[in-house]
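The listed protein sequences derive, respectively, from chains E, P and Z. Quick note: the first sequence, position 22, residue 22 per our numbering, numbers continuous. Quick note: the second sequence, position 13, residue 1013 per our numbering, numbers continuous. Quick note: the third sequence, position 269, residue 2269 per our numbering, numbers continuous. For reference, the structure discussed in these notes is given below.
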Amino acid sequence: MDGRQEFESHSSEPPVVVEMRGIIKRFPGVLANDHVDFKLYQGEIHALLGENGAGKSTLMNILAGLYRPDAGEIYVKGKLVHFSSPRDAIKAGIGMIHQHFMLVPSQTVTENILLGLDQPRFILRLSEYHQKIAEFAERFGLKIDPKAKIWQLSVGEQQRVEILKMLYRGADILIMDEPTAVLAPQEIEALFITLRKMVSEGKSIIFISHKLHEVMEIADRVSVLSKGKVTASGVPAKGITRQELARLMVGREVLFRLDKKEQAPGDVVLQVEDLHAENDKGLPALRGVSLTVRAGEIVGLAGVAGNGQRELAQVITGLRKCTKGKILLNGEDITNQPVSYSIQRGLGHIPEDRTHVGTSPNLSITDNVIMKKYRQPPIARGMVIDMNQASQFAQQLVATYDIMVPTIRTPARLLSGGNLQKVILAREISGNPRLLVAVQPTRGLDVGAIEGIQRLLLTQREAGAAILLISEELEELISLSDRIYVIYEGKIMGEVTDGNIEVIGLMMTGTPMEQIRQGVQ
Amino acid sequence: MDPIIILQAGVASGTVLLFATIGEIFAERSGVLNLGVEGMMLLGAMSAFSITVKTGNPWLGLLVAMLAGGLISQIHAFISIHLQADQVVSGLALGFLATGISLVLGEGLSKAGTVSLMPSFSIPVLSQIPIVGPIFFTRHSVLTYFGYLLIPAAWYYINHTRPGMNLRAIGEFPAAADTLGINIYRLRYFYVFLGGVMAGLAGATISLAIAPGWFSEMTTAGQGWIAVGLVIFAQWDPIRAAFGSYTFGALRRLILDIQGPTTILGLRNPFYYNPYWGFFLQMLPYAFTIIVLVIGSREAIRKRLGAPAALGTPYIRGERGL
Amino acid sequence: MNSEIAKSTSRSFPYRIVIEQRLKEPSRTYSLLISVLAIVVALFIGGFVIAQAGGDPIRSYRHIAKASFGNIGVFSDTLVKATPLILVGLACAVAFRSRLWNIGAEGQFFVGAFGASAIVLTPILPPDTSPWIFIPVMMVAGILMGAFWGLIPGFLKAKYNVNEIISTLMMNYIAVAWNNFFIYAVWSESGFQMSPMFTKNAWLPRLTDYSKVVPAFRGLTTHLGLLFGILAAVLIWFILYRSRWGYEIRLIGDNPQAARYAGLNITRNTILVMMLSGGLAGLAGMSEITGVVHRLQGAISPGYGFTGIIVAWLSKLNPFAVILVSILFGALILAGREIQPSGIPKMIQGVILVCLIASDFFLRYQIRIVRRE
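Structure representation (structure tokens):
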């Protein structure tokens, strides 16, 4: 097909279950899908690869009936279909498992599975359906307590509920949007076993990912999207190398190595001792965390989402009270002090949620960059803010950090994710922080922006800042960090200095370092 | 100052709050905050009374009141659901509008005199039960009895039926419901409509049963706002709403009755000898609402309960990065 | 968002309507145009309802225009009505900026009037006190009472997360009952439901008071309160856009989570903003009672506190726009007194607010007609 790499047909070709032809989808200012063709065969795992913003999720949301394409045709099992809602797609046997789980936290597993179905018609008869769901789950080897409320479940369990929800609806075509992003390596193994089992039973799976090694491991065939266009369509996974895929994905060779200078760490900047804290639900989230970060080193914190990373970052930065323990910044006790106290003592914070926490959407870039400086001169003159100084400061940051904005008066909400993150980073770094707590600093950004952000972090390390990097991207952690702690259920399982991914993986699933060592000996 | 009579009358006047509160619970459970309750009640009270004056048929008045409340609520529904405006301001606007319309159309209605009201009766066997009988089952309006049926029905509907489950889902996490093919917009319109119908019913209950007549804005006298406050106290649960509504009803009645006797518990009754102190009694329901809010809010913090998670936010499908 | 409303019935129809989020800020002219259009639409709807209620919409509107802008005398009266609106409008605007829904300006207005009256009627100052002392003391009393009335819901919001919409509204009813107690029981003038007239020294100076110097001022009732309003607008603008406190107010109002992250003290700000807002509304009450009514009585406000909400919203929370919008609404209130049925001004206010909120949609979204592919 017009010069793209095409799957060579076998002699006994399995039936095509989904065919999308010439799909076009526009969003304001973006062409998310540009004449995309896509073919899924029965019984295969078809990986859809592409970097963030390449249009993978858009394409699959169209297939799942959530968006309507501006142009193009979709055939399911040979029949032309027009989905006007997800209900239509589900009827056609297509079920999508979204990256952010579509589960109602306050409802039970059973209720979530029954949501949107026709049976039971009016009265719920929950005890009867608890039984039914439990039996159904058993059949697929997915153990789950149907009476449990979603918020009580781990991320892995929630994913199981999502899969069950689709299977219960009789879906035989499953779309999985970045299913491994929230799982530990061992949980990923378990998921892959489940997926292979489902395929062997005749189901077909579309696996969206931007992680090359996973795609190579699980997929039968691979399609690649780049900037809304198909750059490879249905290539057998065995016949292609990682480098080739990366080039198709990004359109250029990707450096897999970052230029990190050797340097000896300095004094201890952050010292956390036996920290305990509760999460939003009042349950223990941190159970005795101790760690240190020295000047001029990046210390990574690895862990599966929801094991206390969020709470740890919040307690260190003063956004959450701890119930026990001590935090020292440059030897000074900052435990349970107000946020402004640690800001004045050189704490920078790149929050996990850049739109809801890190910036103020309707305020200008200027207002956003002075967020931590408006109290001190030169921007403050007594009780008054010197607007000239503020604009100068903003101009200077925009120029230094190469932030793409029309003017410094533009409201922050009109910025792209990458530029927004640069605004936050510029603001935090410009204070020459002694300690920088960076939470998921590159999540959801495209490759170019990721590189830029990572470089900035390394520059800060060279400048002697202590950096605590909290991330769920293991590759990023390993390539940036000098040391890595692993957190599991609010406890530090151990510390790795050589970036051994197997050891990290074991600790992420709850095996403490001592046990791993004993196992080795 | 007979406690039985105060409680009996409290149940009757609490029925107004009960309807308005349960209606608002449905709207808020679906994710739409409607602050126009007071206005919708006023519109209901006005249209019920006006139609009854014209036709002599209170049932017709009741029906029109419910329809009027439901229809005008759809303005708020459209602005907050489709146009995605701020629900607080939109609800306030609806309140102003409904109040204005009621005043315009209710012009001169206060001089209409007496009309036929909703029927009242005692329930044969139940009214014989000591204490409970005279309070709950004696000489009540048919609307009060309807209120008794509504409480368990609303509770059962929300917690144990399929549409109730859908209702909870669209208020907590509309995106999840959307991916399963539940039509969020349609349901939200419906529950805002239901809230409006109930507010209209609450208004009609005032003008056709509890305090017959039309007294401009003093017909409702802030009860719509008290209802919005009770929703928070009730933690979006109809049974707690009933408890709150009847307590408030009894309080209103107590304030009226306490000014009557010359002595209370053998002591000189200060409110009888200083009738102007009645102004401080008048403050009580409003002060009590604030106290009840403090109780409700502290409890919510302690138990980490909260409003439906999506309350007050418009649902927009297809936001990038969904 | 990218919702496609019109999938028109015939598949062959080559165009369709696309509604999509704006990527750029709409220009000032465009937003102004939308607001004006919203008001025009509102007046049309209002006219329709007036006609339905048996009135003549064109005559009603012409009457409103003539009775409020017809000559310098009525315009002066319009300014008198606009004066309290400016102050309560600012009160609402500053609270809304901080995303605090103070809809208790009406009650704060009442207790502000009470506070000022108490100075004269208790009496705290003797009747022959110089106006140079009387007026500032009454101002302080009005502001303090209003601020106190805002402090209560502000404190409850900050400490116990009590919904301020309901608590401020309940405070309105309490304020009215409070004032009534004093009007009926304490300061009643020989059994009437009003206090005695204030001493002249406690009146705000009016233009007509200077008609001996400037004859053209004869009969003009515009009083010093208007100046309070204009100065307050300048002050609020300065606070919001040039001071550290104002920056905090705007940041908390736009994104409280970011404000917490930046180390702001939200509890303290909530209380202070509610006090500032209450104080402004209290000053409005003081200005009305000393500039217009000259005694404490029940009917001192045709719902200024609620109209203030609309004024604030229509001004897009901009302090200077509050002045202009207040004059328009002052005209509506002034002329509306004579229009029958008497609920019409209130209803028109409601319609205007509804249309205005609906029109905001066009500032956030653009509608295009595109060719099908």
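A virtual CB, placed ideally from N, CA and C, is assigned to each residue, including glycine.
A Cβ-Cβ separation of about 6 angstroms places residue 2286 (chain Z) in contact with residue 2138 (chain Z) under the 8 angstroms criterion.
Look at the segment 1180 to 1202 of chain P: the residues with a C-beta under 9 angstroms from a C-beta of chain E are 1180, 1181, 1182 and 1183.
In the three-state scheme derived from DSSP, where H, G and I count as helix and E and B as strand, residue 2223 (chain Z) is classed as strand. DSSP links residue 26 (chain E) through a beta bridge to E:31. The residues 386 and 389, in chain order, have a CB closer than 7 angstroms to that of residue 378 (chain E) in the same chain once the five nearest residues on each side in sequence are set aside.
About 15 angstroms separates the beta carbons of residue 2305 (chain Z) and residue 2147 (chain Z), which is beyond the 8 angstroms limit, so they are not a contact pair. The residues 2222, 2226, 2327 and 2330, in chain order, have a CB closer than 8 angstroms to that of residue 2079 (chain Z) in the same chain once the five nearest residues on each side in sequence are set aside. About 4 angstroms separates the beta carbon of residue 2142 (chain Z) from that of residue 2112 (chain Z), a gap short enough to meet the 8 angstroms contact definition.
Residue 1161 (chain P) belongs to the set of residues whose beta carbon lies under 9 angstroms from a beta carbon in chain E. Contact between the segment 273 to 281 of chain E and the segment 306 to 318 of chain E is present, with at least three C-beta pairs closer than 8 angstroms.
Cα atoms of residue 2110 (chain Z) and residue 347 (chain E): separation of roughly 48 angstroms, rounded to the nearest angstrom.
Straight-line measurement puts the Cα of residue 352 (chain E) at about 8 angstroms from the Cα of residue 310 (chain E).
Taking a cut-off of 8 angstroms on C-beta distances, the segment 357 to 366 of chain E touches the segment 2247 to 2263 of chain Z, as three or more cross pairs fall below it.
Contact annotation, residue 203 (chain E) with residue 174 (chain E): C-beta distance approximately 6 angstroms; criterion of less than 8 angstroms satisfied. Taking 3 residues as the minimum length, the segment 1277 to 1303 of chain P contains no beta strand (DSSP E) run wholly inside it.
By the Cβ criterion, the segment 1233 to 1240 of chain P is in contact with the segment 1289 to 1304 of chain P, since at least three pairs of Cβ atoms, one from each stretch, lie closer than 8 angstroms.
The residue from Z:2235, Z:2051 and Z:2165 with its alpha-carbon nearest to that of residue 1033 (chain P) is Z:2165. Residues of chain Z with a Cβ closer than 7 angstroms to the Cβ of residue 1109 (chain P) do not exist; the shortest Cβ-Cβ separation is about 10 angstroms. By the Cβ test, the segment 2168 to 2188 of chain Z is in contact with the segment 2100 to 2109 of chain Z, since at least three Cβ pairs between them sit closer than 8 angstroms.
Using a Cβ distance threshold of 9 angstroms, residue 340 (chain E) and residue 50 (chain E) do not count as a contacting pair.
What residue 359 (chain E) touches in chain Z, judged by beta-carbon distance under 9 angstroms, is 2255 and 2258, going in chain order.
Counting only Cβ-Cβ distances below 9 angstroms, residue 2156 (chain Z) has contacts in chain P at 1290, 1293, 1294 and 1297, in chain order. Among the residues of chain Z, none has a CB under 9 angstroms from the CB of residue 1236 (chain P); the nearest is roughly 13 angstroms distant. Annotated as proximal: residue 422 (chain E) and residue 402 (chain E), with beta-carbon spacing under 9 angstroms.
Note on residue 52 (chain E): 16 or more other CB atoms within 10 angstroms of its CB, so buried under the neighbour-count rule.
In its chain, beyond the 5 residues on either side, 288, 290 and 325 have a beta carbon closer than 6 angstroms to the beta carbon of residue 274 (chain E).
In the DSSP assignment, residue 1224 (chain P) falls within the alpha helix (DSSP H) that extends over 1223 to 1233. In this structure, residue 2266 (chain Z) keeps its C-beta atom at 9 angstroms or more from the C-beta atom of residue 2319 (chain Z). Ranking E:474, E:103 and E:320 by CA distance to the CA of residue 151 (chain E) puts E:103 first.
Here residue 236 (chain E) is bridged, per DSSP, to E:221. Interface annotation, residue 1164 (chain P): in contact with chain E, CB-CB separation under 9 angstroms. Listed in chain order, the positions of the segment 13 to 29 of chain E with a beta carbon within less than 7 angstroms of a beta carbon of chain Z are 24, 27, 28 and 29. In the three-state reduction of the DSSP assignment, residue 187 (chain E) falls in the helix class. Look at residue 380 (chain E): its C-beta is under 9 angstroms from a C-beta on chain Z. According to DSSP, residue 438 (chain E) shares a beta bridge with E:350 and E:469.
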